[in-house]
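Each remark here refers to the structure printed beneath this line.
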Amino acid sequence: MLVLGLGAAAIALGLPLSEADLRILILVAALPSAANAAMLAERLGANSARIAVVILQSTVVGLFTFTALASVL
Numbered sequence: 003m004l005v006l007g008l009g010a011a012a013i014a015l016g017l018p019l020s021e022a023d024l025r026i027l028i029l030v031a032a033l034p035s036a037a038n039a040a041m042l043a044e045r046l047g048a049n050s051a052r053i054a055v056v057i058l059q060s061t062v063v064g065l066f067t068f069t070a071l072a073s074v075l
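Residues 3 to 75 (our numbering) make up the sequence shown, in order.
See the structure below:
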């Protein structure tokens with residue numbers, strides 16, 4: 003919903019953003035986080051197990067938010 007507000011503000015400011023572009027931005031924002039973040043975290047010595055859990059949670063939530071937003075848009 004934050005992206006929707008930012009997109010509406012961008013349109014109000016006169017940025018050339020079509021309604022279709024705004025829909026695409028909203029749907030992309032609803033997608034889960036990138037899985038390569040876990041690999042990068044492991045390489046940099048971070049807690050990769052915790053990162054993997056966060057990615058899993060993000061993916062599960064993303065299934066619902068993406069589906070809901072896609073049906074509304």
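The C-beta atom is built at its ideal place from N, Cα and C for all residues, glycine as well. Because the structure is a prediction, the values reported are computed rather than measured.
Would you kindly check if the distance between the Cβ of residue j and the Cβ of residue i is under 8 Å?
i          : j          : result
residue 53 : residue 34 : no
residue 71 : residue 28 : yes
residue 50 : residue 40 : yes
residue 11 : residue 19 : no
residue 68 : residue 22 : no
residue 9  : residue 24 : yes
Ends of the alpha helix (DSSP H) at residue i?
i          : result
residue 24 : 21–31
residue 64 : 50–74
residue 42 : 38–45
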